[in-house]
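Here is the structure we will look at.
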Amino acid sequence: MRPTYNDTYRHEKVLKVYFYTSNPEKFLQATTVFGRMGQSVSHYSTHREPYDETYSENTKHLLREAIKQLKEEVELKSAFFIEDTSLRIDALSCEDDVPGMLVKEWFKDTSFSELDAILRERGNNRSATVKSDIALHIPTLSEPMFFYGETRGVVADTPPRFNVNAQYPWLTPDTFNGWVIPDEADKRLGEMEFEESLNYDFRAKSLLMLAERINEFNAAMNLKPTNYSLRKQPEATLAFDEEPSQSSQLELDVFKQLNHNIVVIGEKCAGKTTFGDYLHRFNSAGSNLIIQHIEASTVLREIASKAEYEIADGQDAFNFLESIGFAAVAEEIIEYHTSRESDNCITVVTGLRTTEELLEYLKVFPNTIVVHVTADMRTRYGRNVARARSSASSTPKDFQNNDELEASFGLLRVAEVVADITISNEGSMRDYHEKISNIFRKLDFLTSDRDVFHRELPRCIVGLESLGKIATCEEISDAIKRIEFSSSKEIKPVRKYNTNRALKSLPEHAVRHDSTEDKLLSYSLSKRGLKLCELFQLINWIDQKKLNETLESHQS
């Protein structure tokens, strides 16, 4: 099951849900899965087990009693859920699962070699099932709701020899994830990349079902009054008339200054989604700041699904956008924004691919910081192989061809021009996390060095647009001289040879007309080229406005 937003971002009112757990890896997995569904989950911080675990009955009984205990002991009257993991190893089990709900204690006391020896003694039946049971408490329901996921597979023949995933640490050799190979998989669950693991992970399955149900609750919460009736009129309350405390008002004022959104662009497997997933985790850092991560590819799939159009690869995606409009994804994302607009919300949009998308987004949110994430092709290809998606390019040449297809969407061809910041993701995950954190910490103080019209390529596009016709490189070069560009740096003339080189690099935007016996090489702007020209002019206006505001603040 692949996560989808399912109109999540259209809901102004959303249920606040807590996850009661003392296991940080479990919570991290929950917040990541919820984030991929456009939702957030809060952590109830505890340094001990949040409830007593009694194993005399079945899992549902344990969870039901645990919820009863939590309702009595915890003051917070909110929606919350708990999760229990259990394990059945067939060779050790009869009617009851072994080790069952005692998996945590059993795993602590049992080595891989000990289990392997027992299995071989008993005929080497290595089949096993890992189970995840979730109980959700809704304050207005007397009984909890249950969600279940499982992974069937076999215990591997050899002990694990891989390292924990730094970005997704529940994918580790240090739990049963490192021992079990799921059915229809060729590697252990803990060895998989996050995207691949979603198809097999027992806890991801139960979390996705839970997130879907919460989305249904959110949809009901946002119904208009004409869709429901009140059985009893509410009593008057003074709660809404109270003035906010000085500290909470100060906190809100700080959040109001954080009026930037972030758009992350880059080639396949450069680290765009990792950027969004990592920032989304700050939702649980104990502040009222909301960080929502919107993945453009997920939005595109949902638009296609509603149109009953199947997207199997990048070419399908390009063809679909060509038919509905290259700005369609951004228009949908903007709708998400307007339905959930908030003073204390920062949105991270990852994976925009067309220049039209960025243009549309910046028109509405000019304070957006555009981050370009880069990585060497060999590094990205290695990550692509590790992801093991069905659509993954099988050879380096295939991957290179896919890069060119992605570039044809338009935005990557001008990524260096339109980005406020470019960061390299070649090192360790810790290094990359630190770079992301630095951007986030300095969000309100970042200055852009892109200076669009200092570069020749944008001036060539604007020069060609000013002529409004098919023009030779010399005509374009002369037109550029007549235009007064605003730039903080010295602008030099663009020679006709450089004009050709610049426009040649943008085949989707600048149409090339080859020379003949009686005609010189010339160019004209396509419809997409006109939009690119508009994008360059908008970015320049935004940057000049920011520069003027900075100068005014320094003078004052």
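With the first letter of the sequence shown counted as 1, position 69 gets the number 650 in our numbering; the numbers rise by one all the way through. We put the CB at the ideal spot given by N, CA and C, even for glycine. It should be emphasised that the depicted structure is a prediction, and the values quoted were computed from it without experimental measurement.
Cβ contact annotation for Leu673 (same chain, cutoff 6 Å, sequence separation greater than five): Val679, in chain order. For Gln748, no pairing in a beta bridge is given by DSSP.
Across the structure, Glu1115 and Ile905 are spaced so that their CA atoms are roughly 20 Å apart. Here the alpha carbon of Pro740 sits roughly 7 Å from the alpha carbon of Ser694. Minimum Cα-Cα distance from Val995 among the listed residues Glu1015, Val1043, Ser1005, Thr935 corresponds to Thr935.
Here Phe775 is buried, its C-beta having at least 16 other C-beta atoms within 10 Å. Taking the CA atoms as reference points, Pro754 sits about 18 Å from Asp764. Taking one beta carbon from each stretch, the segment 583-596 and the segment 797-809 have 3 or more pairs nearer than 8 Å; the two touch.
Under the three-pair Cβ rule at 8 Å, the segment 1039-1056 counts as touching the segment 1080-1088. Every alpha helix (DSSP H) of 4 residues or more that sits fully in the segment 1077-1117 is shown, in chain order, as 1077-1085.
By the neighbour-count criterion, in which a residue is buried when 16 or more other Cβ atoms sit within 10 angstroms of its Cβ, Ile1064 is exposed.
By the neighbour-count criterion, in which a residue is buried when 16 or more other Cβ atoms sit within 10 angstroms of its Cβ, Phe743 is exposed. In the DSSP secondary-structure assignment, Val736 is bridged to Val761. Bounds of any alpha helix (DSSP H) do not take in Val954; it lies within the beta strand (DSSP E) bounded by 950-955.
Annotation for Glu997: His953, Thr1003 place their beta carbon closer than 8 Å to its own, counting only its chain and skipping 5 residues before and after. Distance from the CA of Ser975 to the CA of Tyr962, rounded to the nearest whole angstrom, comes to 9 Å.
Taking the Cα positions, Asn982 is about 11 Å away from Gln896.
By a beta-carbon distance limit of 8 Å, His1014 contacts Tyr859. Their separation comes to about 6 Å. Judged by beta-carbon spacing, Thr949 lies within the 8 Å limit of His841, meaning their Cβ atoms are closer than that value. Around the CB of Gln650, fewer than 16 other CB atoms lie within 10 Å, so the residue is classed as exposed.
CA-to-CA, the gap between Val945 and Leu1119 works out to about 11 Å.
Bridge partners of Lys712 according to DSSP: Ser667, Glu731.
With respect to the 8 Å criterion, Phe783 and Thr855 are not classified as neighbours on the basis of their beta carbons.
For His861, the uninterrupted alpha helix (DSSP H) run begins and ends at 853-861, by DSSP. In this structure, the alpha-carbon of Asp671 lies about 38 Å from that of Glu653. Secondary structure of Cys675 (DSSP, three-state): coil.
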